[in-house]
Every structure is written in structure tokens, then in C-alpha cells.
Amino acid sequence: MGTPMPGGGRHRRRIRIALPVAAAGVAAAVAGALLTTSAGAATSLPEPKVRPAADSPSSAELQQRVAGAMAGDDVAGETGKTALTAGTVAGSIDPKVIGGNETTISTAPWMAQLLYFDDRGTASTGDDIGFFCGGAVVAPTKILTAAHCVKGYNWKANGAVVTGTSQLPSDNGTDLHGGTATAVWRQWNHPSYSATTIDNDIAVLTLDTAVKATPIRMTTSGDTTSYKAGTSAKLYGWGRTSSTSDDISETLKTATLPMQSDTTCSGAYGSDFVKGHMVCAGKPATGSDAGTVSACNGDSGGPLVVNNRIVGVVSWGVTDCVAKGAYSVFSKVSTYVGAAYPRVDDANLSGDSKADLWVRNASTKTGYSKDSTGTSFAARQSWGNWDGVNVVLQTDLDRDGYQDLVYRRSSDGDVFWASGRTGTTKQIADNWKTRTRIITPGDVTGDYLPDMLSVDSAGVMWIYPGKGNGTFATRVQVGSGWNQYNSVRGKGDFNGDGKTDLIARAKSGSALYLYKGTGKAGSGAFSARVKVRTWDGYNAFDAPGDVTGDGKADFLARTPGGTLYLYAGTGKGTSEIFATRKSVGTDFKQYDIFG
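Sequential numbering from 11 applies to the sequence shown in my numbering.
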């Protein structure tokens, strides 16, 4: 983007780091009831397990990956396509920022550098893979980027993410210019991503350690205003600064692009532009650097921002970025937030991104975890004595990617938070003995920080907005009438719009209702309830999150005889909200707490 750095003349590696080449056919008051003090010991507290930390590479290994990536000349997600659809912009597609101004990390603290290097384990360097992509921090351990930067690569074994700096690393990877290199723990890309069409080009990397960078949020599924033609959007990246040189920018740059209509985008790219999945922005390129403002190589995976929310992810564009009449093409985030957001809140007990089951035996008071296999649950693992509690819930209150537990002590109603990473236990609420429901559904208020809900003895529901550190802002009333239900559960998004929902079952008549989250606090936190099922024959329920690992929230229901059924979520907010039930065991009558 923009002109080369002052003092230029220094060639910055011959890397073609960014969007994939796509051609043939692609034209490419906390109520006084909340506390934050250390837990007292009126009754001895159970001791939650601490899941071992992710196996992190050494600093030297991360340095090697950074250096290898900066010296690389590979293109992330490169395809074999070689020509554009007839009648569209001339030239092959090579998604890439030209034109713009240098900026500082303080203006875009969420920007991330994604560096990948795989030496392939051979003596030759000819088969090494090294490339660079952009990304954005959307939670302390989560990076939103493009699928073509992720699909087919092993980021845990070969990747590093640098945050907190506007400068690229030094050639040998030793100087990060005040930034921090962090290893990758897990990766996800949209399951329908196509390297041929570069469709569904969205991905999320999970870091093994939380970073200090201030996150930025994705836009919402109902956002149409940000995509209106003419709306000013900001593009950020370290990509190429000229169509005639492979030099990339040493310093973060930004450019302002006007959003374009689907009609304009389709007119330029024909069927290669997938309406609803893609959006294009910028003025038509001039055919040269002069007068062109565009994404370019090295900007892949970076964010397009409107009103401090990510509305697009740099996906593809024309080779050398400036072909006359071309526009930069981005993945349309409003379409994909329903798929991507569950990966922002996918902490679980075993760390594999599939929600696990936590239960307590009614007679022995022993707690157990059962690891999800995606279709069933593995053999139970003992967590020791959990006597003296009457509520246990799974959540990730501090957003560090490790599953925490929230539980209530029976004797006095005090509520505690146990960190899944450190094992530290803190009291977070005082005397909630009369609360009829406590729920930890995730982010209700739309700020990407996990919240807590409770229903008091009068049936009034309250939201306790989380601060991401196990403390909460002043509670906000949602509404009354919640004691008409014998179960109110939720963890994640049941209808696929990227917002946290609740499932409630009526005491009378056994009707099952979906309360769709709106991403707001207070009385507008949930839309009017929608009846989705009538469920007779069950006496216990659980909503641990995404059990199957497909990004959709699932539900569990137990019969009086002890059979536990998995209802896999479909992402539909109708009577088809769940797929056909599947038995995951017949011995669950013994358990009195489902977490």
C-alpha cells in the first residue's frame, strides 16, 4: 500500500505473500451480589482439574519460523487456475494494498502478522514453504483471517503470529520491533472453502497463549448498512506497495476504499464474484500504480473495517493489483459471522474445540468429564469429590481458550469461578442460594466477552456483563416470568446468526422455546420466544456447546430411565432446530448435575 518507505531502495525479499492466484474462471451494580475476592473456606471447595498447557514451541523455534516466512517466496493457497472468465477484467487473479498511508499499531492494535515456514525436513531448501498473511485479533487467543492462508497448512507445527507492532520482523526474526510472537494451537477454516473459486474464504486461528492486543469485533449477521455502495471502509496491511515490484511494506499501512454494489462487482468479475459471499471495494483500478488504491500481495487475510467492525477479509484480486477496472474482493463477514463466531468461543475441557460433558454422580458426589468424540462421549474421567455444590457450569470467563468452571456452594449459595488454565478459584457472587437458574451461555451482550445470567426467586432474569477477567459490570435486568420454565440452558449460537441464544422448557406442557440473542443488554437481549419443539419424557438437560465440532450449538436431554440423547444443532431457528436425536449412553440416571 502506498509508496515505499523513506530511505527505500532496499529490496524487501521477493515474496509473493498474499491472496491466492485464482484465474481460469475467477476474475478474481453487579448488584452487590457479585464479588471478586478470593474464595473463603466455609466449606472446603472442590479442586477442579487444570488441563495441561498447549505444547508450545521454544522462542528459538518461533524465531526460526518468523525468519523462514520472511525469506519465503510462496503464495498462500496458490491454485492452478490460469485465466479469467471471458468478458471480465483482463489478467489472472492474485489476491493483493496499493496506494495508502503509513499508520501506527495504536490506530489498529488488533492487526496481526501471520508467518508460516515449513522446512519440509529435507536437506534441500527448494521444497521449503514460507509465506506471510494478515489477520485480526478478535479475542485474546483468536485471529480472524482467510481460509486460503490456513487450509492445507499445519499452523501448530509451522506457524507464528506476531502482534503489537506496526513493523515487520527483521530478516533473521530476532527483532520484532516491540511485538510478540505467539504459537498457534488450533486452526479452523470454513468447511466449504474452495481453493478453485476462493469461495467461503474465512478462517480462525487459535493461539496457545492470550495476547495483549486489543481485539476488534466482526460485524453482525444483520448488518446491511456497512455494505451500501459508497460507504467508506478502511483496509490495513503490510502488502506490496507497487505493481512493478515484489517489495512489501516494512510498516503497517492503511487505505480508504468505497464499498461497491454487488452489481458493480458482478459486472467486473462475472460469475467469479459470488453475491452474498463476497464484497468488493475501491475505485476501479487505473491500469497502473498512479490513481489506484487496492489490496495487494501480503494483505491476504487482513481486515476491511467499517465503524470499528470487520466487514470483510482480504480474499482475492487481479495479478499485480492494478489491472484497469479491477476491484479488491473480500469475504463478506456478515455472511460468515455465524460460522466463524463459534470458533471464538470454542473452549472445552480437552482442548480439541468439541464441547465435552461434565457430570456428577448423585450418590458418591464424584465429578466426571466425558470427552466428546464428535458423535458420542468417551469413557468418563474422575474429577474427585464434588460434594457440597448444586450447580456446575462450563464457560471461559477470561477468554484464554481454556475451559473454566463456575459452581455454586450448597451451604450458602456463594458462586465460584475456577480457572481451567491456572486452577485458581475465586468467589464471584455472594448468597445466590435462592437463584433458581444460573447460566453461562457465552457472550450475550455482543462485546465478545462471556457473560453470566441468573434468575431470582421472583422469576426475574439478570445479565451480569463479563469483563473478560472473571469480574462483571453492573447487572442489567432482562425481564420477568422466567420461573415458568423448569430448564433454561444455553452455550453458543443455536440459529446460526453469530449471537448467543437460550433454550427454555416450560414446566407446564413441556414446550421447548428458543430465545434468539440480539447481541444487546437489558430487556432487548433476546427476541420474542419461538416454540421449536414439545419435549415430554425428559427430566434433565444440558447445553455444553458444540459437541459435534461443526460450529453449531448442540443440546442434550436425558430420559427418566437414564438414556442421554444428543440433539445436534442445525443452525435453524425453527422446528428443525435439531437433527434426529442420537443416543449417547443409557447409564446417565446416576448423575444429578450436568455441567
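Even for Gly, the Cβ is constructed at its ideal location relative to N, Cα and C.
Predicted, not measured: the structure shown is a model, and the values here were computed from it.
Outcome for residue i when other beta-carbon atoms lying within 10 angstroms are tallied against a minimum of 16
i      : result
Pro570 : exposed
Arg3   : Nothing about residue 3 can be read from this structure; the chain reaches only from 11 to 605.
Ser518 : exposed
Ser421 : exposed
Asn111 : exposed
Glu586 : exposed
Lys161 : buried
Asn210 : buried
Ala531 : buried
Pro201 : exposed
Asn182 : exposed
Gly394 : exposed
Lys263 : buried
Gly240 : exposed
Asn164 : exposed
Gly136 : exposed
Asp282 : buried
Pro58  : buried
Lys222 : exposed
Ile27  : Unreliable placement is indicated for Ile27, whose pLDDT of 30 sits below 50; no coordinate value is reported for it.
Residue i - containing beta strand (DSSP E), residue span
i      : result
Met471 : Met471 to Tyr474
Thr435 : Thr435 to Ala439
Ser392 : Gln391 to Asn395
Gly555 : Ala550 to Gly555
Gly452 : Arg447 to Gly452
Phe142 : Ile139 to Ala149
Tyr577 : Leu574 to Tyr577
Thr155 : Lys152 to Thr155
Arg544 : Note that residue 544 corresponds to Thr in the displayed sequence, not to Arg. Start and end: Val540 to Thr544.
Phe127 : Met121 to Asp128
Gly247 : Ser242 to Gly247
Trp427 : Val425 to Ala428
Asn371 : Leu367 to Asn371
Tyr263 : In the sequence under discussion, the amino acid at residue 263 is Lys, which differs from the Tyr named in the question. Residues Lys263 to Pro268.
Opening and closing residue of the alpha helix (DSSP H) in which residue i lies
i      : result
Asp272 : Asp272 to Tyr279
Ser338 : Counting along the chain, Ser338 falls outside any alpha helix (DSSP H), though it belongs to the beta strand (DSSP E) covering Ser338 to Lys342.
Lys166 : Trp165 to Asn168
Ser325 : Counting along the chain, Ser325 falls outside any alpha helix (DSSP H), though it belongs to the beta strand (DSSP E) covering Arg319 to Trp326.
Arg75  : Ser69 to Ala81
Contacting residues, own chain, Cβ-Cβ under 6 Å from residue i (five flanking each side not counted)
i      : result
Leu359 : Asp366, Ser379 and Gln413
Pro56  : Trp396
Tyr351 : Gly508
Gly605 : Trp368, Val402, Leu403 and Gln404
Ser429 : Asp414
Asp356 : Ser363
Gly506 : Gly348 and Gly581
Ala170 : Leu72, Arg75, Val76, Leu125 and Ala191
Val486 : Ile473, Ala531 and Gly532
Ala521 : Lys541 and Thr544
Thr114 : Ser176
Tyr577 : Phe565, Phe588 and Arg591
Close-in-space but distant-in-sequence residues of the same chain around residue i (CB under 7 Å, 5 per side omitted)
i      : result
Cys159 : Ala86, Gly87, Leu124, Cys143, Ala213, Ser310 and Gly311
Gly301 : A caution first: Gly301 carries a pLDDT of 48, below 50, which makes its placement in the model too unreliable to give a value.
Lys599 : Gly571 and Gly572
Gly384 : Lys364, Thr558 and Gly559
Ser255 : Here Ser255 scores only 43 on pLDDT, less than 50, and its place in the model should not be relied on; the value that follows carries that caveat. Counting only Cβ-Cβ distances below 7 Å, and skipping sequence neighbours, we find nothing.
Asp597 : Gly572
Presumed contact (8 Å Cβ cut-off) between residue i and residue j, rounded CB distance
i      : j      : result
Ala563 : Ala553 : 7 Å
Ile448 : Arg418 : 6 Å
Val369 : Tyr548 : At roughly 16 Å, the Cβ-Cβ gap does not stay under 8 Å, so Val369 and Tyr548 are not in contact.
Met269 : Val284 : Wrong, their Cβ atoms sit about 16 Å apart, outside the cutoff.
Lys477 : Val354 : Going by Cβ atoms, the distance from Lys477 to Val354 rounds to 17 Å, so no, they are not a contact pair.
Val323 : Thr580 : Val323 to Thr580, Cβ: 26 Å. No contact.
Gly583 : Phe504 : 7 Å
Gly140 : Gly189 : The Cβ separation is near 19 Å, so there is no contact.
Gly292 : Ser242 : That pair is no contact at about 11 Å.
Close Cβ partners of residue i (< 8 Å) along its chain, the five nearest in sequence each way excluded
i      : result
Phe536 : Val488, Asp511, Leu512, Tyr525, Lys526, Gly527 and Thr528
Leu459 : Arg409, Asp453, Pro475, Gly476, Lys477 and Gly478
Ser373 : Gln600
Within-8 Å CB hit, residue i to chain D
i      : result
Gly398 : Absent from the structure: chain D. Only one protein chain is present.
beta-carbon residue i near the ligand FAD non-hydrogen atom, thresh 7 Å
i      : result
Asn168 : Among the components modelled here there is no ligand, and therefore nothing to report on the ligand FAD.
Margin query: Using a Cβ distance threshold of 8 Å, determine whether the segment 193-204 contacts the segment 61-74, with at least three qualifying pairs required.
Written below: Three or more beta-carbon pairs drawn from the segment 193-204 and the segment 61-74 are found closer than 8 Å, and the two stretches are therefore classed as touching.
Next item on the list: Please confirm if the segment 577-591 is in contact with the segment 398-414, defined as three or more CB-CB distances below 8 Å between the two stretches.
Entry: The segment 577-591, when compared against the segment 398-414, does not touch it at the 8 Å Cβ threshold.
Notebook entry, point to check: How do the segment 428-442 and the segment 164-181 stand: do at least 3 beta-carbon pairs fall below 8 Å, yes or no?
Noted result: Result no; under three Cβ-Cβ pairs closer than 8 Å.
Notebook entry, point to check: If you pair each beta-carbon of the segment 229-249 with each one of the segment 315-323, do three or more pairs fall below 8 Å?
Noted result: The segment 229-249 is in contact with the segment 315-323.
Margin query: Tell me whether the segment 488-504 and the segment 466-479 touch, counting them as touching only if at least three CB pairs, one residue from each stretch, are closer than 8 Å.
Written below: Contact holds between the segment 488-504 and the segment 466-479, because three or more Cβ pairs, one in each stretch, are under 8 Å apart.
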